[in-house]
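Numbering (my numbering), first residue to last: 47 to 189.
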Amino acid sequence: MTVMTAEQIEHFLDEVFPQRMGKIESVGDMTATLRLKIGNEHLRPGPRVSGPTMMGFADVAMYVAILAQIGPEPMAVTSDLNCHFLRAASGDHDIIAHAKLIKLGRRLAVGEVQLFSASDETRPVVHVTASYALPQKPDDVSA
Numbered sequence: 047m048t049v050m051t052a053e054q055i056e057h058f059l060d061e062v063f064p065q066r067m068g069k070i071e072s073v074g075d076m077t078a079t080l081r082l083k084i085g086n087e088h089l090r091p092g093p094r095v096s097g098p099t100m101m102g103f104a105d106v107a108m109y110v111a112i113l114a115q116i117g118p119e120p121m122a123v124t125s126d127l128n129c130h131f132l133r134a135a136s137g138d139h140d141i142i143a144h145a146k147l148i149k150l151g152r153r154l155a156v157g158e159v160q161l162f163s164a165s166d167e168t169r170p171v172v173h174v175t176a177s178y179a180l181p182q183k184p185d186d187v188s189a
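In structure tokens:
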């Protein structure tokens, strides 16, 4: 069950993480979908979308999926991110991120993100697995 809407998360991120990439299209139960409009700053020669752009965008998508479940938490941080580049992403199309949480515990969240070119949402260009360390809440003395 989500505790924040896409709009609420966008407002929260405007305050605590204004340099993030992408716009939230939707959030759901343990999921988030974001879109990144590709500009020159995201390209490498080819023109292809750069690896650092796609890794950073996947990381933001994971954070959004977590925020939708736990609420506004600026100190939920990436503890691991593993990225598999499956094919080149043309710089001519937006990139779509589909994030899905696999485990959401008190202190750890684990999930995966698939990135797609908006021109072909059937074949992912990147597959990411990631984990986030979640801060201990004051009332959580057992962790």
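Glycine residues also receive a C-beta, built at the ideal position from the N, C-alpha and C atoms. Keep in mind it's a predicted model, so treat the numbers as computed, not measured.
> Which first and last residues belong to the alpha helix (DSSP H) in which threonine 99 is found?
Replying inline: Element bounds for threonine 99: 97-116.
>> On the criterion of 16 or more Cβ atoms from any shown chain inside 10 Å, does glycine 97 qualify as buried, or is it exposed?
In response: exposed
> Could you give the uninterrupted runs of the beta strand (DSSP E) lying entirely in the region 106-184, keeping only those of 3 residues or more?
Replying inline: 123-131, 141-150, 154-163, 172-179
> What is the residue span of the beta strand (DSSP E) that isoleucine 70 lies within?
Replying inline: 69-74
>> I'd like the list of long-range same chain contacts for aspartate 75, defined as Cβ closer than 7 Å, with 5 residues on each side in sequence excluded.
In response: Met47, Thr48
> In chain order, what residues of the same chain have a beta carbon less than 7 Å from the beta carbon of proline 64, not counting five sequence neighbours either side?
Replying inline: Contacts found: none.
> What's the C-alpha gap between glutamine 54 and tyrosine 178?
Replying inline: 21 Å
>> I'd like the span of the beta strand (DSSP E) that includes threonine 77, first residue to last.
In response: Taken as a continuous stretch (DSSP letters only), the beta strand (DSSP E) holding threonine 77 covers 77-82.
> How would you write the range of the alpha helix (DSSP H) that phenylalanine 58 sits in, first residue to last?
Replying inline: 52-62
> What separation, rounded to the nearest whole angstrom, lies between the Cα atoms of glutamate 167 and isoleucine 142?
Replying inline: 8 Å
>> valine 95 and glycine 137 - do their beta-carbons sit closer together than 9 Å?
In response: yes
>> Among Asn128, Asp140, Glu56, whose alpha-carbon lies nearest the alpha-carbon of histidine 88?
In response: Asp140
> Apart from the five residues on each side of it in sequence, which residues of its chain come closer than 6 Å, Cβ to Cβ, to phenylalanine 58?
Replying inline: Pro118
>> Using CA atoms only, rank isn't needed, just tell me which of Leu80, Val62, Val123 is closest to isoleucine 70.
In response: Leu80
> Do the CB positions of isoleucine 112 and leucine 180 come within less than 9 Å of each other?
Replying inline: yes
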